[in-house]
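Below: one structure, written as structure tokens.
2 protein chains.
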Amino acid sequence: MTGPRYTDLAQSLPALVPFVGPEAQERQLNQAFRARLGANESVFGPSPLAIAAMAKAAAQTWMYGDPENYDLRLALAAAEGVSPENIVIGEGIDGLLGYLARLLIGPGDSVVTSAGAYPTFNYHVSGFGGQIHAVPYSGDHEDPGALLAKALETNAKLIYLANPDNPMGSWQSRSTVEKMVRDIPEGCLLILDEAYSQFLAPEDVPAIDPNDPRVIRFRTFSKAYGMAGARVGYGIAAPELITAFNKVRNHFGMARISQAGALAALADQDYLAKIIAHVAQARTHIAEIAQTNALVALPSATNFVTIDCGHDGDFARAVLANLIAAGVFVRMPFVAPQDRCIRVSAGTNGDLDIFAKALPGALSKARADL
Amino acid sequence: MTGPRYTDLAQSLPALVPFVGPEAQERQLNQAFRARLGANESVFGPSPLAIAAMAKAAAQTWMYGDPENYDLRLALAAAEGVSPENIVIGEGIDGLLGYLARLLIGPGDSVVTSAGAYPTFNYHVSGFGGQIHAVPYSGDHEDPGALLAKALETNAKLIYLANPDNPMGSWQSRSTVEKMVRDIPEGCLLILDEAYSQFLAPEDVPAIDPNDPRVIRFRTFSKAYGMAGARVGYGIAAPELITAFNKVRNHFGMARISQAGALAALADQDYLAKIIAHVAQARTHIAEIAQTNALVALPSATNFVTIDCGHDGDFARAVLANLIAAGVFVRMPFVAPQDRCIRVSAGTNGDLDIFAKALPGALSKARADL
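Chains C and Z are the protein sequences, given in the same order.
In terms of our numbering, the numbers along the first sequence are unbroken and rise by one, the last being 470.
In terms of our numbering, the numbers along the second sequence are unbroken and rise by one, the last being 470.
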């Protein structure tokens with residue numbers, strides 16, 4: 101009596117979880133975190149109008165969601181100034197990255213990203229047998245020139261660039277990204293992960309022809325809109341690529357409540373503007389806390405601040421472990437030399453007070469172990 | 101300036117939607133359906149406790165859901181009398197079928213199902229290049245003996261059996277399924293789709309060792325629990341197979357509100373019992389409407405009734421089109437000879453009154469065109 105016959109590829113994959121969730125850490129610590137500042141969620145929550153729309157939709161959840169996401173696609177197209185044919189909606193950017201990898205990547209296909217960039221992208225690429233070529237960050241920024249050169253060298257099918265970047269919070273100038281698009285090698289698709297784009301100054305957001313077949317931009321309701329748990333991401337790309345998603349996506353995969361919530365959140369741009377202001381204040385607050393502790397906060401165009409702890413990765417990992425033990429959920433980059441930092445999401449004043457109180461002890465304990 | 105380079109497999113796939121949703125039909129008709137009885141959703145809705153839990157969770161949707169689905173897995177394991185290591189949770193059975201196909205199926209691999217069975221399963225198998233071998237229904241039942249023989253003949257990696265069956269509403273005796281499990285060919289996995297299992301008499305539900313490596317059972321909150329729009333399905337299988345899902349699944353793919361809703365729904369077994377009774381009444385009501393119109397309602401252990409319209413597929417398709425035009429959303433089997441039927445989901449008395457009023461005209465108009 102033997103088990104199922106897996107594909108060779110599936111057989112070869114590790115059964116690892118790309119991230120451990122904060123709930124798993126809480127179960128391990130046997131206590132709830134006092135401040136949840138590790139996953140770049142928006143502690144400020146969704147728009148009250150979105151909350152109301154979701155609460156109202158709860159009783160309607162006996163119906164499947166519209167598999168075409170018609171209303172939301174239309175609203176997003178209007179908001180983004182593109183056609184609905186330029187929009188695909190999916191179960192978060194994570195889900196869409198998985199579908200895209202499936203459409204393009206087979207065993208041995210080359211993909212280029214930065215060492216230490218979004219691991220879930222790598223998870224999906226490896227999951228389809230792709231070969232990841234990672235180039236180093238340059239001065240805590242992703243390096244468009246190096247990404248392009250590596251793509252040319254490896255005949256890559258995909259380049260991944262997050263702008264603004266996670267985990268460093270850094271960003272590229274508009275002209276840099278626009279030049280990068282012009283220079284994409286033939287047959288290569290640029291994934292521009294813009295999960296944090298609402299935190300960029302509008303004039304810093306690159307202008308890209310939505311019908312350009314060489315680029316797909318991904319955006320999300322998980323960050324500025326405060327709806328990470330709703331799982332609503334979207335891609336903006338040329339209609340041919342958008343249509344291709346229909347070949348592989350889970351058509352009835354979108355939660356109906358999430359569709360309703362995203363639609364209401366999108367309509368409440370006043371609330372979004374308030375959140376962006378709250379996040380800017382929180383970034384300043386985090387930078388002040390860093391400075392008080394003689395640490396350097398890196399500039400950020402996101403809803404988090406990456407703090408240089410001033411030593412190596414082992415030191416930062418010790419600081420992180422001490423913060424976690426003190427009930428403060430934070431995360432950190434995992435590749436040197438960026439792993440000298442910890443990453444702290446924008447929080448309420450209450451959250452940041454908890455962080456401010458925990459940090460000095462976390463640092464002194466780590467220093468004592470140096 | 102060329103587009104992305106798709107895999108050969110992706111290039112070969114049709115950009116079809118497996119089902120057209122009722123919302124798309126409503127947009128086409130430019131009117132809302134008066135009765136939504138086509139997707140085997142539970143018009144009775146979720147438990148009030150689940151609705152309350154989801155409404156309460158709306159404000160918490162700024163947090164990602166727990167990627168391990170820990171609480172729900174634990175609760176399901178207790179409810180099913182298995183270990184949490186036997187449970188995988190995903191974005192509906194649809195999502196889980198996709199992951200399972202990805203784990204097992206590569207180009208040319210054989211898969212066995214019934215002609216006219218669940219098309220989304222075929223969509224996922226074809227999407228990974230699998231070769232589908234379909235055997236006919238026997239007397240409006242899926243045919244376990246024929247499925248097993250075909251699996252042996254084609255060296256199939258997967259057999260799909262829905263019990264109770266969609267779209268026919270028929271079911272297998274407990275001993276038939278248990279014998280089928282004993283007879284699964286070496287190296288083949290039986291997918292037992294039990295989306296409708298709560299509508300079976302408990303003594304008719306087959307007993308299967310959850311650690312048997314040859315079977316995975318799929319169940320869902322979409323049908324009896326009335327939460328189709330929440331996208332919560334689960335699989336029960338041996339730990340090795342359950343663990344394999346972690347290699348490919350969208351770890352952060354579950355909506356947080358859905359997790360909360362499913363947990364509350366599962367805890368409200370009194371409500372579930374009431375729904376099962378409501379559905380039984382509705383089935384009787386649908387059968388009476390069929391009889392009034394000189395049609396034969398097939399026996400059903402599901403939340404729908406399949407009605408034999410007494411002629412061929414063209415006739416049933418005409419009846420269906422007339423019902424849709426009259427504002428009644430219903431569907432039908434799509435393979436002969438089962439396509440002589442239409443399929444009507446359990447509705448409220450109000451829904452079924454609308455159906456009862458529309459049916460005679462739909463029939464007479466179809467007869468006039470014979």
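C-beta: ideal position from N, C-alpha, C; glycine also.
As the structure is a prediction and not an experimental result, all values here were calculated from the model.
### Rounded C-alpha distance that separates E388(C) from P122(C)
26 Å
- Query: With a CB to CB cut of under 6 Å and the five nearest residues on each side skipped, what residues in its chain are close to G329(Z)?
  - Reply: none
Exercise for review: Write down every uninterrupted run of the beta strand (DSSP E) in the region 224-273 of chain C whose length is 3 residues or greater and which is fully enclosed by it, in chain order.
Suggested key: 231-235, 258-262
Secondary structure of T320(C), DSSP reduced to three states = strand
When DSSP labels each residue in this structure, what does R431(Z) get in the three-state scheme? strand
Quick check: the Cα distance between L116(C) and N130(Z), rounded to an integer number of angstroms? 48 Å
Using three-state DSSP, classify A86(Z) as helix, strand or coil.
In the structure as shown, chain Z starts at 101 and stops at 470, and residue 86(Z) therefore has no counterpart that could be examined.
* Asked: The alpha helix (DSSP H) with V348(C) in it runs from where to where?
  -> Unbroken run through V348(C): none, as it is neither H nor E.
Using a Cβ-Cβ cut-off of 8 Å, state whether I357(Z) counts as contacting chain C. yes
Distance check for Q438(Z) and M354(Z), CA to CA, integer angstroms please. 35 Å
- prompt: Rounded to a whole number of angstroms, what is the C-alpha to C-alpha distance between A416(C) and R202(C)?
  reply: 36 Å
Requested in this report: Report yes or no: do three or more beta-carbon pairs, one from the region 265-273 of chain C and one from the region 238-245 of chain C, lie closer than 8 Å?
Outcome: yes
Below 8 Å on the Cβ atoms is my guess for G165(C) versus F352(C); work out the distance and round it to an integer in Å. 7 Å
| query | A468(Z): buried (16+ other C-beta within 10 angstroms of its C-beta) or exposed? | reply | exposed
*Excluding the 5 residues preceding and the 5 following N169(C) in the sequence, name in chain order all residues of the same chain whose CB lies nearer than 8 Å to its CB.*
I189, M354, Q359
- prompt: Does the region 281-288 of chain C come within contact of the region 246-256 of chain C, defined as at least 3 CB pairs closer than 8 Å?
  reply: yes
What does M154(C) reach in chain Z if we use C-beta pairs closer than 9 Å? M154, A155, A157, A158, A159, T161, I357
Check: Going by the beta-carbon positions, is the gap between I454(Z) and V428(Z) smaller than 8 Å?
Finding: yes
I want to verify the contact list: residues of chain Z whose CB lies under 7 Å from the CB of R331(C), in sequence order. G353, A355
Any C-beta of chain Z under 8 Å from that of L252(C): no
### Which listed residue (A153(C), S142(C), A158(C), F133(C)) has its alpha carbon closest to that of G145(Z)
A158(C)
Starting from D408(Z), trace the beta strand (DSSP E) both ways and give me its first and last residue.
404-408
query: Per DSSP, S142(Z) forms a beta bridge with which residues?
result: The partner list for S142(Z) (beta bridge, DSSP) is empty, contrary to what the question assumes.
Checklist line | CB-CB length for A426(Z) against A462(Z), believed under 8 Å | finding: 6 Å
Requested in this report: Can you check DSSP and say which residues form a bridge with S214(Z)?
Outcome: V235(Z)
task: Consider the Cβ of A348(Z): report whether some Cβ of chain C lies at a distance smaller than 8 Å.
output: Here residue 348(Z) turns out to be Val, not Ala, going by the sequence shown. Output row for V348(Z): interface = yes.
Quiz item: According to DSSP, is I454(C) helix, strand or coil?
Solution: helix
Closer than 8 Å to chain Z by CB, A344(C):
yes
Quiz item: Which residues in chain C sit within 8 Å of R127(Z), going by Cβ to Cβ distance?
Solution: Y170
For the pair the region 206-217 of chain C and the region 400-410 of chain C, tell me if three or more CB-CB distances fall below 8 Å.
no
Chain C residues whose Cβ lies nearer than 8 Å to that of F119(Z) | P167, H351, F352
Measure from the alpha carbon of S322(C) to the alpha carbon of each residue in V332(C), A367(C), R314(C), then state which is nearest.
V332(C)
* Under the three-state reduction of DSSP, which class applies to A135(C): helix, strand or coil? -> strand
Q) Does DSSP put R443(C) in a helix, in a strand, or in coil? A) strand
Q. Do G206(Z) and F228(Z) have their C-beta atoms closer together than 8 Å?
A. yes
For D194(Z), decide whether its Cβ has a neighbour in chain C, counting only Cβ atoms nearer than 8 Å.
yes
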